[in-house]
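Comments concern the structure below.
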Amino acid sequence: MYLGYLEGSLLRGSVDLHMHSTHSDGTVNPTELMRECKKKRLSWVALTDHDTLAGYQEAKQEADQLGIYLIPGVEISVGFEPGSLHILGYFMNPEDKQLLAALKDIQNSRKERNPKIIQKLQALGMRITLEEVEALAREEQKMQGEIQIGRPHFAKVLLKKEYVRTFDEAFRKYLSKGGEAYVEKWCFTSKDVIRVINEAGGIASIAHPSSMHLDSFELEKAVKKMVGEGLGAIEVYHSSHKPRQRSELLDLTKKFHLGVTGGSDFHGANKPGLSLGFLGRGIYLDEEVIEGLKNKIRTR
Ligand code: AMP
Ligand code: FE
Ligand code: FE
Ligand code: ZN
446 MYLGYLEGSL LRGSVDLHMH STHSDGTVNP TELMRECKKK RLSWVALTDH DTLAGYQEAK
506 QEADQLGIYL IPGVEISVGF EPGSLHILGY FMNPEDKQLL AALKDIQNSR KERNPKIIQK
566 LQALGMRITL EEVEALAREE QKMQGEIQIG RPHFAKVLLK KEYVRTFDEA FRKYLSKGGE
626 AYVEKWCFTS KDVIRVINEA GGIASIAHPS SMHLDSFELE KAVKKMVGEG LGAIEVYHSS
686 HKPRQRSELL DLTKKFHLGV TGGSDFHGAN KPGLSLGFLG RGIYLDEEVI EGLKNKIRTR
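Heads up: the sequence shown is residues 446 to 745, going by the numbering used here.
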């Protein structure tokens, strides 16, 4: 498999399997996002909104127009300690009933959590309401109907109201695990999430494994456990990964016969300074990564 370090080659930025739209906590709508992918000369992409497939059909229409290969994708939050665990799913049937029902459960859990975050912020003396957060999300997303409100929207309101100086500070002080206004949301276990993805015909990959906050020994143990649950791949390439992390993760994929995925985790203005298609300095993946994932599904 070619996983090149080809600075400036024709393959430049050809694969990006991790990005968010206005259907979760990105600031670019699915149509515009596909246009941006085209500009970045990406050929194989996946829209991986948090806990929803709502943006897929719109993105697919535009991707087809533009001649971009769009893989059905999603990024699902999983209950995990000490850090956080997100599992990416690819190639699922986007209409799978069981998958859609599971996503609905997680969306409801976020809806239950959000007012509790507001209560905590108010108890800290801040003048902030859920309506304000919703209004900001709606304005940003320019969407009618159901919107998904996540912590980045809270962070923006805190910033706008000058309770914090930066978006990062909002997370560090208040919204991150351990922060003063952090509220845990109910999540599925990795076993359930992987099963639902697999049963929908897809393949599951651990997103940005560094967010699990494990050392090498614990990470291998966690990967081994999830392999037993049907894990199919690891996100070896992510915009935040250092070369050493990549080689450690690549070793794990070899050891456990897993596929490799990679993506930027683009969120538009909600992750300033991060370019769509950026998987790490000098890192460009090609179609073989996609074929590798398809093969894992076929030979399961
Ligand atoms: P939620 O799923 O609503 O709890 O929101 C989680 C999202 O917040 C993540 O997917 C990230 O996009 C964002 N996020 C989490 N931690 C941070 C952080 N420390 N700094 C900036 N954004 C973060
Ligand atoms: Fe996010
Ligand atoms: Fe994530
Ligand atoms: Zn993400």
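Glycine included, each C-beta is placed from N, C-alpha and C at the ideal position.
Per DSSP, the bridge partner or partners of residue i
i: Ser522; result: His531
i: Phe633; result: Val523
i: Val705; result: Ile679
i: Phe711; result: Met464
i: Val602; result: For Val602, which the question treats as bridged, DSSP gives no partner whatsoever.
i: Gly515; result: Reading off the sequence, residue 515 comes out as Leu, not Gly. According to DSSP, Leu515 bridges with Val490.
i: His495; result: Glu520
i: Ala649; result: Gly534
Near ligand 3: residue i beta-carbon under 6 Å from a heavy atom
i: Ala678; result: no
Distance cut-off 6 Å: residue i Cβ against heavy atoms of ligand 2
i: Asp470; result: yes
Cβ-heavy atom distance, residue i to ligand 1, below 6 Å
i: Phe616; result: yes
i: Arg610; result: no
i: Gly595; result: yes
i: His463; result: no
i: His495; result: yes
heavy atom of ligand 5 below 6 Å from residue i C-beta
i: Ser621; result: Ligand 5 is absent from the structure shown, which contains only ligand 1, ligand 2, ligand 3 and ligand 4.
Cβ separation of residue i and residue j, assumed to be a contact under 8 Å, to the nearest whole Å
i: Glu577; j: Val602; result: 6 Å
i: Leu738; j: Gly707; result: 11 Å between Cβ atoms; not a contact.
i: Phe765; j: Gly524; result: Outside the displayed range of the chain (446 to 745) lies residue 765, so it cannot be described from this structure.
i: His465; j: Phe711; result: 7 Å
i: Leu418; j: Asp461; result: Residue 418 is absent from the structure shown; the chain starts at 446 and stops at 745.
i: Val672; j: Phe701; result: 5 Å
i: Val519; j: Leu487; result: About 19 Å; that fails the 8 Å criterion.
i: Ala652; j: Leu478; result: Ala652 to Leu478, Cβ: 18 Å. No contact.
Within 5 Å of ligand 4: residues by beta-carbon to any heavy atom: Those residues are Glu520, Asp710, given in chain order.
Beta carbon shell of ligand 3 at less than 5 Å from a heavy atom: Residues with a Cβ closer than 5 Å to any heavy atom of ligand 3, in chain order: His531, Ala652.
Whole alpha helix (DSSP H) elements within the stretch 535-605, 4-residue minimum: 542-568, 575-586, 596-605
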